[in-house]
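Residue numbering for the sequence shown is 1 to 633, as defined by the UniProt record's numbering.
Don't be surprised by glycine CBs; every beta carbon is placed ideally from N, CA and C.
From a predicted model like this one, the values you see are computed outputs, not experimental measurements.
Everything on this sheet refers to the single structure shown next.
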Amino acid sequence: MARNFRELYQASKDDRESFWLKQAEAIDWFEAPTRAFDETQGVYGRWFPDAVCNTCHNAVDRHVLAGHGDRLAIIYDSPLTGSKQAITYGELLTDVKALAAAMLDLGIVRGDRVVIYMPMVPETAVAMLACARIGAIHSVVFGGFAAHELAKRIDDAEPKLILSASCGVEPNRTVEYKPLLDKAFDIAVRKPAHAIVLQRPERPCDLVEGRDHDWADLRERYRQEIADGRAVPCARVKATDPLYILYTSGTTGKPKGVIRDNGGHLVAMHWSMGNVYGIEPGDVSFTASDVGWVVGHSYIVYAPLIKGATTILFEGKPVGTPDAGTFWRIISEHGAKLLFTAPTAIRAVRKEDPDGKLFQRYDMANFEALYLAGERADPETVKWAERVLRRPVIDHWWQTETGWAIAGNPRGIELLPVKHGSPSVAMPGYDLAILDTDGTELPAGEMGAIAIRLPLAPGNLPTLWGADDRFRDGYLTAYPGYYATSDAGYLDEEGYLFVMGRTDDVINVAGHRLSTGEMEEIVARHPAVVECAVIGMEDAMKGELPCGFVVLKDTDQHTLDTLEADIVRMVRDQIGPVAAFKRVIVVDKLPKTRSGKVLRRTMKSIVDDKSFETPATIEDASAIEAIEKAVRR
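Structure follows, in structure tokens:
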């Protein structure tokens, strides 16, 4: 029996088979696995290859069957609409069964694909779980995504059904989804047969006769059928069958669909919820993200419910709905034990409330820790949050492809010492290595490409949807025997990982390989800077030169006059003149995706005066225009 995390991690490496079969005992199986991993199956092997299960059963039914039907499953809180709703596990089960029955009667069967194009409302979680119940494969696409982007995903996944809503609500506008959905139907080559549309009171829409179905009407009809005794059993699916497809950014125009299987995902979600986040059955967990992102899949919907916890589904923003205290109000009101969000959200809060006065207004007795992921958590933001919150602030690192933390701090086992700038250490199932360009493993302290020795952990992608060769070429070919993360960084002597940015964020200045992430750490220390990004711009003499973009706190003219010189000196002092850091550009905001990732590749195209396409996942397109204007000055 492991006495601490280091022993537990070593046990997971020494006997992978026994370790993961033991973790699998926490899951309800129709047929339990007799093997943890089979390296002969799939592209690089498959987890729990002989098991049969159902994810919806584990997330909903089993808690009701265990007598916890009255426990809260979902707390919906929407400061954008003023709506709140508390949904028990029993109520959730009824609504999931109702939607599942409706889908079955529309001809949706195990293995069919269903696209979910919805806002942050409880019905979105119901939609995911109903698909899982009948063995359909869901693919969530951000509500409000452009019609042509939605059409691309429709043509790739070939769904028979789309689940959608009439609109989404943003801080300053209402986004009509239905016209975008109708246009996507027109554009798509492989058109779905049906759509089920949730009519939101903020902007109802017209339905297409014969194709579109009213969600509320179906819900009432099938609730009654269930009350009258209709059974909607959970489908028996293989552990290796896909649960969902989640599209992520790729270097080509073709969507890149990450597959998540059922069995490995169930085990990973249950293990991580307790051991990484310290959440147990009945606890309240608050993940402020969107179900269009993997964070929303894993830690708004699946992991909390699989664990038997209560999850908060938040429709709002960290600031402006109505102020920078909205996170703290929700934590206090609903008794949340943790908050998991992106560093960019905390930077936005810090900018609006630098002294943390809004935090002090609320009773935070239940609040234990802040978790950050989705982008690199710069040390200055972490230090600010530690000072204001007076609780552990835990960075952890993972990807859409992995579905859960590659490196983290296992607070549910023991809280390891925090090292600012590091997401801590590898989690069980992940064997990290730092490689040079030839694939040679580098010693501690040397920066290179971050790779994971195969096999990947349970819950990681087994391949891409309909694209095994693309999966091999994109992830497994660069370093045979390893998964290439496309991130750069280093491991220290104690095994702590430092992620310094994407491999294409390591710039070459006159032959010197330098990390823009390291430069960003330094720039962020300037007292006037609330947020920054450093990118490499082309230079005829040195190959590349760093260029810093900064967002400032309210500051005086003297600071503005000396800002560039001060920052240049700071970088020179910490890295040396070899960095050749000479240009600083002040902007009102950085262009980001809806998950908070800074669009560095797009910014680089702007400074290099190259053509680019505005990414479909951008949060605010005006930020791109602001960068273009600032660069031309």
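Check, Outcome
"Rounded separation between M103 and G356 - CA only", "47 Å"
"Beta-carbon proximity check, P33 vs A26, cutoff 9 Å", "no"
"Separation of K610 from L129, as counted between CA atoms", "44 Å"
"Cβ contact (3+ pairs, closer than 8 Å) linking the segment 283-294 and the segment 332-350", "yes"
"Alpha-carbon spacing of M537 relative to A630, whole angstroms", "15 Å"
"Burial state of S18, where buried means 16 or more other Cβ atoms lie within 10 Å", "exposed"
"Nearest to R572 (by Cα), restricted to the options G111, A216, R470, P546", "P546"
"Where A565 falls, given that 16 or more other Cβ within 10 Å makes a residue buried", "exposed"
"Own chain, CB closer than 6 Å to G264, minus 5 neighbours either side, in chain order", "W47, P458, G459"
"Neighbourhood of L464 by C-beta, 7 Å cutoff - its chain only, sequence neighbours within 5 removed", "K256, G257, V258, I259, R470, F471"
"Whole-angstrom C-beta distance between A324 and D353, which should lie under 8 Å", "4 Å"
"Limits of the unbroken alpha helix (DSSP H) element including T311", "Element bounds for T311: not the alpha helix (DSSP H) but the beta strand (DSSP E), 310-314."
"Local Cβ density within 10 Å of N58, reported as buried at 16 or more and exposed below that", "buried"
"P527 beta carbon near the ligand ATP (any heavy atom closer than 8 Å)", "You won't find the ligand ATP in this model; it holds no ligand whatsoever."
"Span separating the alpha-carbon of M364 from that of I312", "16 Å"
"N- and C-terminal bounds of the alpha helix (DSSP H) containing T516", "516-524"
"Contained beta strand (DSSP E) runs [length at least 3] in the segment 568-607, N- to C-terminal order", "583-586"
"Beta-ladder partner(s) of I245, from DSSP", "I259"
"Counted within 10 angstroms of its Cβ, other Cβ atoms place D61 as buried (16 or more) or exposed", "buried"
"Contact check, L454 vs Y496, beta carbons under 9 Å", "no"
"Pair within 9 Å by beta-carbon distance, F314 and D77", "yes"
"Inter-residue Cα distance where the pair is R133 and L218", "17 Å"
"Sequence-distant residues of the same chain with beta carbon closer than 6 Å to P159, five excluded per side", "R113, V114, V115, P192"
"S12 - DSSP class collapsed to helix/strand/coil", "helix"
"Alpha-carbon to alpha-carbon, K419 and G439", "27 Å"
"Three or more C-beta pairs below 8 Å linking the segment 303-310 and the segment 72-88", "yes"
"Expected contact under 8 Å - CB spacing of Y430 and I394 to nearest Å", "In fact, because the Cβ distance is near 17 Å, the residues do not count as touching under 8 Å."
"Cα-Cα separation, T251 to G90", "Only weak support is given to the placement of T251: the predicted model assigns it a pLDDT of 48, under 50, and the value that follows is read from those uncertain coordinates. Answer to the nearest angstrom: the Cα atoms are 44 Å apart."
"Cβ pair I567, V587 closer than 9 Å", "no"
"R211, enclosing alpha helix (DSSP H) - first and last residue", "Segment: none, R211 is in no alpha helix (DSSP H) and carries neither H nor E."
"Proximal residues to D206 (C-beta, below 8 Å), its chain only, five neighbours per side dropped", "K178"
"N- and C-terminal bounds of the alpha helix (DSSP H) containing C131", "122-134"
"Cα-Cα separation between A444 and E375, rounded to whole angstroms", "23 Å"
"Whole-Å CB distance - N54 paired with R230, under 8 Å assumed", "Actually they are not in contact, since the Cβ atoms of N54 and R230 sit about 18 Å apart, beyond 8 Å."
"Counterpart residues of Y117 in DSSP-defined beta bridges", "V141, S164"
"From W404, E7, R387, residue whose alpha carbon lies closest to that of M273", "W404"
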